[in-house]
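Counting from -11, one number per residue, gives the positions in the sequence shown under the numbering used here. Note that the Cβ used here is the ideal one computed from N, Cα and C, for glycine as well.
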Amino acid sequence: MTTGTMAQPTNSAIPGIANESQLPCEAFSKQWDAIHVEGDQKTRLLAQAVLAFTLRPHIDPALLPLHGLILLVGPPGTGKTSLARGLASRTAESVEPGSTFNFLEVEPHTLANAGLGRSQQAVRRLLGELIPERAALGPLIVLLDEVETLAADRMKLSLDANPVDVHRATDAVLAGLDNLASKYPNLLFVATSNFEGAIDPALLSRADLVEVVPLPSRSGAEVILRSAVAELARIHPAASQIIDDPAFARAAAACNGLDGRQIRKLVVSACTFDKKVALDPGLLGASDLLRAAEQARVMRNKKGNGA
Ligand SMILES: Nc1ncnc2c1ncn2[C@@H]1O[C@H](COP(=O)(O)OP(=O)(O)O)[C@@H](O)[C@H]1O
Ligand SMILES: [Mg+2]
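See the structure below:
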């Protein structure tokens, strides 16, 4: 589709909101396309999100429960935030082409850091005032990024080590979500988490769909590395020879165990071995990429061993 007139995200001045946008949003749709996932995961996500708008407003939730909550869980750097933003944009495109949805991205860290007692208040304000105001204007998609910060598993928090505030904040989130779900059928939450085990089970059970976003497979890693090299070659066409070099396949194989973010970053770190390459990145060779991948693996293993 032509995207020239699509909305762009803007940084929000509202505390606790990282950015707000109208959907569809060109930058978000591009993020959706840039994330490689296995099988039909994108289809499943999009279908579930679309159902939140086509089915949820019409059904009796006592008979067919749909909470309007989708959860993406997996290790850091696997594309969850990008997928969540992209999902929001693609959903708006699919449900009613030509119409606009509102989008809010909640920044739970700011809320959680608001201080004892105040984080609970901040969450209440967000869920009790701000989101209802926006939801009253029309279809709304809210991204709760790294939601474990907001809805920490109360069972795993010891009262000695963690302020009562955290327990109360989780209660406030759950109560707020239930309230919003019952009042606003045109509201969809997409939540992400790096630690499934840290999310309160009551939130997990409310999710209509929980999708695990794992580290890339071997073939997935190659697709991602190829795409990152293609971006370099878009600016420096000479770099396109990297793909045909036998060392490229070895570099892709060496990416096994790295996350998607680390794999994309290899292409830039491979340009740092020689100042000549930094000055003209078209000179980058597949062997540099292999060296960067091997270094990244060593780093990852060191971290994995607690070093
Ligand atoms: N599966 C993937 N396919 C392609 N690129 C990826 C993938 N996972 C991560 N990336 C890259 O890493 C960046 C960061 O991903 P992000 O959405 O922030 O991950 P997360 O939220 O899981 O930490 C993305 O913008 C993308 O460039
Ligand atoms: Mg993220």
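Cutting at 7 Å between CB atoms, please list the residues of its own chain near residue i, excluding the five before and the five after it.
i: Gln36; result: Ile58, Asp196, Leu197
i: Gly292; result: none
i: Asp247; result: Pro63, Pro64, Gly65, Thr66, Leu203
i: Ala15; result: Gln(-4), Pro(-3)
i: Ala284; result: Leu246, Gln250, Leu254
i: His224; result: Pro269, Gly270
i: Glu26; result: Ser205, Gly208
Pull up the distance between the alpha-carbon of residue i and that of residue j, whole angstroms please.
i: Glu219; j: Arg32; result: 28 Å
i: Val83; j: Pro45; result: 13 Å
i: Phe41; j: Met287; result: 44 Å
i: Pro53; j: Ala226; result: 55 Å
i: Thr98; j: Pro3; result: 7 Å
i: Arg156; j: Ser107; result: 9 Å
i: Gln221; j: Leu192; result: According to the sequence provided, residue 221 is Ala. The question's Gln does not apply to it. Computed Cα separation, rounded: 42 Å.
i: Thr180; j: Gln19; result: 15 Å
i: Ser70; j: Leu267; result: 30 Å
With a threshold of 7 Å (Cβ to nearest heavy atom), would residue i be considered close to ligand 3?
i: Arg252; result: Ligand 3 is absent from the structure shown, which contains only ligand 1 and ligand 2.
What residues are listed by DSSP as bridge partners for residue i?
i: Glu93; result: Asn7, Leu131
i: Ala(-5); result: Cys13
i: Glu199; result: Leu60
Tell me the residue span of the beta strand (DSSP E) that contains residue i.
i: Val111; result: Not the beta strand (DSSP E): Val111 falls in the alpha helix (DSSP H), residues 106 to 113.
i: Ser181; result: 175 to 181
Near residue i, which residues of its chain fall below 6 Å by C-beta distance, leaving aside the five closest residues on each side in sequence?
i: Gly(-8); result: Low confidence applies here, because Gly(-8) scores a pLDDT of 48, under 50, leaving its location unreliable; read the following figure in that light. For Gly(-8), where only same-chain residues beyond five positions count, there are no Cβ hits under 6 Å.
i: Ala280; result: Leu254, Ser257, Ala258
i: Glu93; result: Ala6, Asn7, Leu131
List the endpoints of the continuous alpha helix (DSSP H) containing residue i.
i: Ile58; result: Not the alpha helix (DSSP H): Ile58 falls in the beta strand (DSSP E), residues 57 to 61.
i: Asp276; result: 274 to 292
With 8 Å as the threshold, decide whether the Cβ of residue i is near any Cβ in chain B.
i: Arg194; result: The question asks about chain B, but that chain is absent: this structure has only one protein chain.
Apart from the five residues just before and just after residue i, which ones in its own chain have a Cβ nearer than 8 Å to its Cβ?
i: Leu125; result: Asn90
Legend entry - Three CB pairs or more closer than 8 Å across the segment 58 to 77 and the segment 181 to 192: yes
Legend entry - Inter-stretch contact at 8 Å, needing at least 3 Cβ pairs: the segment 153 to 163 / the segment 107 to 120: When C-beta atoms of the segment 153 to 163 are compared with those of the segment 107 to 120, three or more pairs fall below 8 Å, so the two segments count as touching.
Inset, instruction - Indicate whether the contact test is met: 3 or more Cβ pairs, each with one atom in the segment 82 to 98 and one in the segment 4 to 11, closer than 8 Å. - result: yes
Inset, instruction - Decide if the segment 227 to 243 is in contact with the segment 263 to 275; the criterion is three or more beta carbon pairs, one per stretch, under 8 Å apart. - result: yes
Legend entry - At least 3 beta-carbon pairs within less than 8 Å: the segment 18 to 31 vs the segment 166 to 175: Short answer: they don't touch.
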